[in-house]
Structure formats: C-alpha cells, structure tokens
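Worksheet for the structure shown next.
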DNA sequence: CCAGGATTGTCCAGAGTGTTGACACATCGT
DNA sequence: ACGATGTGTCAACACTCTGGACAATCCTGG
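Residue numbers (this note's numbering), protein chains in the order written: chain R, 1 to 202; chain E, 203 to 404.
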C-alpha cells in the first residue's frame with residue numbers, strides 16, 4: 001500500500017543527485033556542501049542524511065548513476081555492428097571515451113586537484129562499476145557472437161572493460177586511436193585458442 | 203524551505219488525476235470509486251480526501267485539467283492563421299470540436315446516461331472554463347487584430363466561445379460545417395459597427 | 001416496499017517521516 | 001592558537017499519512 005511513498009523517495013533521490021550533479025559539474029566535488037545540496041532541493045539537511053549516510057555516499061550514487069547512463073549509450077553503439085566484432089568494439093570504446101571526455105561530471109572528477117574530488121571512487125567504488133559493465137558486455141558478446149570460446153570471451157570482455165577504464169583515467173592518444181588499439185587487443189584475445197606455442201613455429 | 207513538499211503534493215495530485223482519467227475514460231465517472239482511486243495510486247482513502255474534498259472536486263479538477271490541455275492545442279491552431287480572422291476561427295473551432303469528439307474523457311462525459319456522469323460540471327463548473335477560454339481568445343484577438351473595435355471584439359469572442367461549447371454538447375452537423383457556421387457568425391459580429399439601422403436603407 | 005450491501009464522507013489514535021536547533025569533532029586559513 | 005567552516009549525530013517537535021471505525025446515503029434484488 002506504500003507505492004506512492006516509494007515514488008516520493010526515488011523522486012527525492014533523483015532531485016538530490018540532479019542538484020549534486022550541477023554543483024559538482026560547476027565547482028567540483030570537494031566544493032560541494034551538504035547544506036547547499038539539501039537547500040537546493042528544498043529539504044532539511046537531516047533528510048538528506050537519511051537518504052545518503054554520508055557525502056561519500058552521494059559521490060558513489062552520483063558516479064553509479066552516471067555510469068549507468070553511459071552504459072545505455074554504449075549498448076546502442078554495440079548494436080550498430082552486430083556483424084563485425086572489431087568494428088563493434090571500436091565503436092563502443094570510442095563512444096565511451098569521447099563521452100567520458102565531454103561529460104561535465106567526469107571532467108570535474110578528473111580535473112579535481114590531487115586526491116580530492118571524486119577520483120577515489122573510480123578506484124574504490126569501481127568494483128560494482130566493473131561488475132555492471134562487464135556483465136553487460138559479456139551478455140552482449142554471448143548473445144551476438146556465440147561462436148567465441150567461453151574462456152577467450154571472458155578474457156576479452158574483461159580486457160575491454162579494464163582497458164577502456166584505464167584510457168578514461170589516463171588517455172595516451174585520441175579516443176579514436178585508443179579505441180582502435182583496444183579493439184585490436186580484444187580481437188586478438190577473443191580469436192586466440194590459448195593453445196599457441198611460445199616457441200617460434202619456425 | 204518546503205519546496206520539495208510542494209512538488210510531492212502536485213505529484214500526488216497529478217497521479218490521482220491520471221488514475222481518475224483512466225477510470226473515467228474506461229468505465230465512466232459514476233462507476234469511479236474513491237477507494238479504487240486511492241488504491242490505484244497507492245495512498246489511503248483519507249489522503250485522497252485531504253487532496254480532494256469530495257468526488258465532485260475530483261470531477262471538477264479532471265474537467266479543468268482536460269480543458270487546459272485542449273486550450274493549449276487550440277492556441278497553436280490559432281497561431282497558424284494570423285492573417286485571416288475567418289480562417290483562424292474556423293481552424294480553432296474545428297480543432298476544438300474534433301478534439302472533443304475524440305477525447306475519451308469528454309466522450310465518457312457525454313455518453314454517461316442522463317444526468318449521471320460529468321455532464322453537470324459542464325454547466326456547473328463551466329464558469330471558470332468559459333472565463334479561461336474567453337480570456338485566452340480575447341487576449342489573442344486583441345494582439346492579432348488590434349483594429350477590431352473593442353465592443354465588437356468582446357461580443358465576437360464571447361459568441362465564439364459559447365457557440366463552440368454549445369456545439370460540443372449538442373452537435374447539429376459535422377465539426378467542419380459547425381466550424382464554418384460559427385466562424386461566419388463571429389466574423390459578422392466582429393466586423394459590424396453596431397451603428398446599422400434596423401430599417402431598410404432603402 | 002424493504003432489507004442488505006456498497007459507497008461516500010467524517011473522525012480519531014497511532015505510526016512514520018521531515019524539521020529544527022543543538023552539539024561534538026575535524027579541518028583549514030589567519 | 002584561534003575562529004570559521006563544514007561534517008555527522010542527536011532529540012524534541014510538528015506534520016502527514018495510515019487504518020479502522022462510524023453514520024448517512026444510494027443502489028439493488030427480492
């Protein structure tokens with residue numbers, strides 16, 4: 001019977017995260033004030049604390065939500081190349097990198113000075129992020145390319161996710177170039193049998 | 203400081219009206235049960251009564267909201283003919299009549315047997331409806347055709363609104379034909395000077 | 001016509017939740 | 001060292017929703 005109550009809670013949560021998003025994108029996470037956040041939504045500070053136990057929890061939720069939004073876009077990118085593994089990976093990774101580059105929240109995270117900002121969450125809370133992204137990519141590959149060997153598939157998906165995340169944090173080239181390199185790696189992993197000899201085949 | 207609380211109230215109101223809309227469009231206003239309405243949204247019956255003092259109040263609010271939605275569409279129809287008074291009136295009235303004919307809520311109102319249903323509101327609560335529609339139309343004409351005499355303008359607008367409402371309740375012809383007739387009347391009223399003699403000019 | 005069920009509208013005690021002001025504590029710049 | 005600022009916690013209070021009860025009314029079938 002408490003169905004409306006639930007929607008109110010989720011609405012409150014969304015509003016809080018919206019306000020937090022704006023504040024973080026504007027002035028950075030360390031400049032975010034819990035009192036301002038509560039006031040921006042029109043709720044008491046205590047209510048905010050009953051929804052998010054700590055400021056860190058706000059950061060985690062913010063990061064999590066942004067991640068899921070990105071994954072949605074990636075999913076669509078993958079679906080555009082259901083016949084070419086390399087092209088699909090290139091497209092998805094390229095999309096991810098450019099998106100991350102433009103996203104004001106991620107930008108704010110990365111430009112935060114030193115160990116301030118939301119960067120810690122990228123390592124701390126990355127567990128569930130990796131989990132989600134990996135699960136999604138794995139499900140996709142399983143469904144789209146059932147011919148790939150399970151072991152190779154798992155390795156390839158894991159590599160793709162981790163390499164992409166790495167390039168988000170530490171980009172060494174343009175998104176497109178990085179995407180090509182990652183796709184190259186992933187394809188090699190996926191199509192290998194694991195039985196190759198280390199010795200030259202002569 | 204109660205900004206969030208307000209949005210929750212309006213949200214509750216919207217949800218209630220949405221549920222009421224569905225129920226009325228489906229089974230008619232007299233078959234609508236306050237208990238079902240509250241349950242559909244997930245609140246107690248008491249909460250429903252604190253938002254709407256009576257079932258009649260629900261009907262009024264429902265009618266009012268639907269009216270405002272229609273007016274929005276009419277406004278757009280008017281803007282398409284800012285150079286031809288007759289065409290504008292014809293379009294707006296025609297749109298209104300066909301819209302009213304298709305609208306499931308209005309359909310449910312009109313098909314309710316006898317004095318049941320929402321029909322009473324069309325006369326009871328029509329005061330504010332007429333007020334709103336008239337004000338909108340008057341503002342439009344004043345802005346779009348400043349050359350029309352104020353007295354004639356007021357008469358024309360009033361006639362347009364009342365004739366349209368009348369044709370919604372009691373349609374004697376197709377929407378297009380009714381629209382043409384109403385537009386004809388309105389144009390005659392608007393362009394008259396009020397100085398014509400009743401006696402033949404000989 | 002009448003009895004019984006359904007429905008509306010009202011009331012109230014209790015539970016749940018948000019508000020408010022206060023506090024201890026940590027951090028930081030002066 | 002000090003005051004200012006911000007985080008996190010607490011308890012008393014106020015408000016709102018809930019759930020059950022109730023009378024009054026309407027409808028329906030016998």
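All C-beta atoms in this analysis are idealised placements derived from N, C-alpha and C, irrespective of residue type, glycine included.
Is any beta-carbon of chain R found at less than 7 Å from that of residue i?
i: residue 261/E; result: no
i: residue 206/E; result: yes
i: residue 359/E; result: no
i: residue 340/E; result: no
i: residue 318/E; result: Bear in mind that a pLDDT of 43 at residue 318/E, under 50, signals an unreliable position, so the number given afterwards is only what the model happens to contain. Not closer than 7 Å to any Cβ of chain R, the Cβ of residue 318/E fails to qualify, so no.
i: residue 313/E; result: In this predicted model, residue 313/E has a pLDDT of only 47, less than 50, meaning its place in the structure is not dependable enough to derive any value.
What's the gap between the Cα of residue i and the Cα of residue j?
i: residue 88/R; j: residue 94/R; result: 10 Å
i: residue 72/R; j: residue 131/R; result: 15 Å
i: residue 228/E; j: residue 221/E; result: 11 Å
i: residue 210/E; j: residue 217/E; result: 10 Å
i: residue 177/R; j: residue 137/R; result: 21 Å
i: residue 370/E; j: residue 287/E; result: 22 Å
i: residue 5/R; j: residue 12/R; result: 11 Å
i: residue 149/R; j: residue 160/R; result: 16 Å
i: residue 246/E; j: residue 219/E; result: 15 Å
i: residue 365/E; j: residue 249/E; result: 40 Å
i: residue 437/E; j: residue 292/E; result: In this structure chain E extends from 203 to 404, so residue 437/E is not present and cannot be described.
Between which two residues does the alpha helix (DSSP H) containing residue i stretch?
i: residue 52/R; result: Neither: residue 52/R is in no alpha helix (DSSP H) and is coded neither H nor E.
i: residue 350/E; result: Segment: none, residue 350/E is in no alpha helix (DSSP H) and carries neither H nor E.
i: residue 28/R; result: Here residue 28/R belongs to no alpha helix (DSSP H), and DSSP marks it neither H nor E.
i: residue 172/R; result: Counting along the chain, residue 172/R falls outside any alpha helix (DSSP H), and DSSP gives it neither H nor E.
i: residue 41/R; result: 34-41
i: residue 98/R; result: 85-102
Can you say whether residue i is buried or exposed, counting buried as having 16 or more other CB atoms within 10 angstroms of its CB?
i: residue 343/E; result: buried
i: residue 179/R; result: buried
i: residue 147/R; result: exposed
i: residue 377/E; result: buried
i: residue 259/E; result: exposed
i: residue 353/E; result: exposed
i: residue 385/E; result: buried
i: residue 225/E; result: buried
i: residue 390/E; result: exposed
i: residue 66/R; result: buried
i: residue 319/E; result: Model confidence at residue 319/E stands at a pLDDT of 42, short of 50, so the residue's coordinates are unreliable; what they give is reported in the following sentence. It is buried - the Cβ of residue 319/E has at least 16 other Cβ atoms within 10 Å.
Does residue i have its Cβ less than 7 Å from a Cβ in chain E?
i: residue 189/R; result: no
i: residue 125/R; result: Confidence is the limiting factor: at residue 125/R the pLDDT is only 49, short of 50, which leaves the residue's position unreliable, though a coordinate-based value still follows. No, residue 125/R lies away from the interface with chain E (no Cβ there is under 7 Å from its Cβ).
i: residue 46/R; result: no
Query raised in the report: In the segment 228-244 of chain E, which residues sit with their C-beta less than 7 Å from some C-beta in chain R, listed in chain order?
Result: For the segment 228-244 of chain E, residues whose beta-carbon sits nearer than 7 Å to a beta-carbon of chain R comprise 243 and 244.
Requested in this report: Please name the residues in the segment 209-226 of chain E whose beta-carbon is closer than 8 Å to at least one beta-carbon of chain R, in chain order.
Outcome: Of all residues in the segment 209-226 of chain E, 209, 210, 213, 214 and 217 have a Cβ within less than 8 Å of some Cβ in chain R.
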